[in-house]
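Residue 0 is where the sequence shown starts when you use numbering that gives the first Met the number 0, and the numbers rise one by one after that. A virtual CB, placed ideally from N, CA and C, is assigned to each residue, including glycine. Just below is one structure, and these are the notes that go with it.
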Amino acid sequence: MLGLAFETIPCDRAGRMDAHALERRLAAGGVGTVVATLGTTATGAVDPLDTIVDLKRRYDFRIHADAAYGGYFLLVTELAAETRRAFERIGEAASVVIDPHKHGLQPYGCGCVLFRDPSVGRLYYHDSPYTYYTSTEMHLGEISLECSRPGAAAVALWATQRLFPLVRDGAFAKGLASGRAAALDLYERLRKDGRFVTGSAPELDILVWAPRAKRVSDVSKLSQQIFAEAAQRQLHLAIVTLPVYLLDLQDIQRDRDTIICLRSVLMKPEHREWVDRIWSLLDEATSAAGVKH
0 MLGLAFETIP CDRAGRMDAH ALERRLAAGG VGTVVATLGT TATGAVDPLD TIVDLKRRYD
60 FRIHADAAYG GYFLLVTELA AETRRAFERI GEAASVVIDP HKHGLQPYGC GCVLFRDPSV
120 GRLYYHDSPY TYYTSTEMHL GEISLECSRP GAAAVALWAT QRLFPLVRDG AFAKGLASGR
180 AAALDLYERL RKDGRFVTGS APELDILVWA PRAKRVSDVS KLSQQIFAEA AQRQLHLAIV
240 TLPVYLLDLQ DIQRDRDTII CLRSVLMKPE HREWVDRIWS LLDEATSAAG VKH
């Protein structure tokens, strides 16, 4: 939208930014901002923000943390050690974006960007001849795209957080941990079942897998068939296209560079209790698609 130069950094087999590739690019110079994602929408991968912060000490750049999906997991203690290290450094980013409409129990449209230095708001300043303000401090209407204060969204979020305080390992955090536990449970079932191929274990509450077949192209077709069969059984999965190296495709012919996979987001606390039912419906859908043990 802004026409700014943008470069992508390769990711590792877990879908996280490759820190070595990032350092090589930083050494070449000319990098103003590094965007680290704490919970990618496709796989839930968490970039190594702790390593990126350490690199900032050697190279001069700004860090923006895209925590739109995964930001609330800062409250969860039960994370893998490397994931926890990344979240613990989030306060060292220059800016952070988080969307309460994802894990924050809010309707779509409730999102925010937080700046460590609020004075950067002057860079977003705009005005009109009919507006007036009662304070010399920057008003949200002067620096936001909406040009106004979204009061309904703000009070809804405020009320929710009064009911579910943002406390580490509190009631709200336990709900997030429950969703992650459900994702890990389902991942282990998929990993041990010969009909499926998987990638890395879920870092948050998203997991990706695919049916086993002779060729990648066949895997992609079967994934779409299982997706359709599951929907008929009221099991609503998602499909996602990923680079082939993100899945363990031993003995599968790689006739394509990308693969269509199945994706599940177990973000509700009650998903922990539903895993057995989810697995039963997935088993039926997989069999109906013609995938055999």
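| message | Alpha carbons only, please: which of Leu-25, Asp-46, Met-16, Gly-69 is nearest the one belonging to Ala-176? | response | Gly-69
| task | Tell me, please, whether the segment 181-189 touches the segment 235-253 by the rule of three or more beta-carbon pairs shorter than 8 Å. | result | no
| Candidates Lys-101, Ile-51, Ile-142, of which the one nearest Ile-8 by Cα | Ile-51
| query | Which ranges would you report for the alpha helix (DSSP H) in the segment 204-239 if only whole runs of at least 4 residues count? | reply | 215-231
| request: Report back the beta-carbon spacing between Arg-23 and Asp-49 to the nearest angstrom; my notes put them in contact at under 8 Å. | output: Their Cβ separation, rounded to whole angstroms, is 19 Å, which puts Arg-23 and Asp-49 out of contact at 8 Å.
| query | Is the segment 221-233 in contact with the segment 247-255, if contact means three or more CB pairs nearer than 8 Å? | reply | no
| request: Could you tell me which residues DSSP puts in a beta bridge with Asp-65? | output: Thr-36, Val-96
| Proximity to Thr-76 [Cα-Cα], best of Thr-42, Ala-35, Ala-153, Ala-172 | Ala-172
| field | Distance, Thr-257 Cα to Lys-291 Cα | value | 23 Å
| message | Only counting the same chain, and skipping five residues up and downstream in sequence, which positions put a Cβ closer than 6 Å to that of Glu-141? | response | Tyr-124
| said: Measuring alpha carbon to alpha carbon, tell me which residue in Pro-106, Ala-180, Asp-65, Arg-262 is nearest Phe-86. | reply: Asp-65
| Under the three-state reduction of DSSP, which class applies to Arg-262: helix, strand or coil? | strand
| task | Output yes or no for whether 7 Å exceeds the beta carbon distance between Ala-44 and Arg-15. | result | yes
| field | Nearest candidate by alpha-carbon position, reference Leu-293, set Asp-46, Val-154, Glu-136, Trp-273 | value | It is not possible to answer for residue 293, since the shown part of the chain is limited to 0 through 292.
| task | Determine, using beta carbons only, whether Leu-265 and Ala-170 come nearer to each other than 7 Å. | result | no
| Which of the three DSSP states, helix, strand or coil, is assigned to Thr-76? | coil
| To the nearest angstrom, how far is it from the Cα of Arg-57 to the Cα of His-19? | 14 Å
| Per-residue burial, Cys-10 [other beta carbons within 10 Å of its own, 16 or more giving buried] | buried
| field | Spatial distance of Val-112 from Leu-203 (CA atoms) | value | 21 Å
| field | Whole-angstrom distance between Ala-284 and Ala-209, CA atom to CA atom | value | 13 Å
| query | Quick one: is His-100 near chain D, going by C-beta distance under 7 Å? | reply | Of the protein chains in the structure, only one exists, and it is not chain D.
| request: Can you have a look at Tyr-107 and say buried or exposed, based on whether 16 or more other CB atoms are within 10 angstroms of its CB? | output: exposed
| task | Mark Thr-82 as exposed unless 16 or more other C-beta atoms lie within 10 angstroms of its C-beta, in which case mark it buried. | result | buried
| field | Beta-carbon proximity check, Val-207 vs Thr-42, cutoff 7 Å | value | yes
| request: Figure out for me which residue from Gly-31, Gly-28, Phe-72 has the closest Cα to the Cα of Gly-38. | output: Phe-72
| field | Inside the segment 116-191 only - alpha helix (DSSP H) runs reaching at least 4 residues | value | 139-142, 150-162, 170-191
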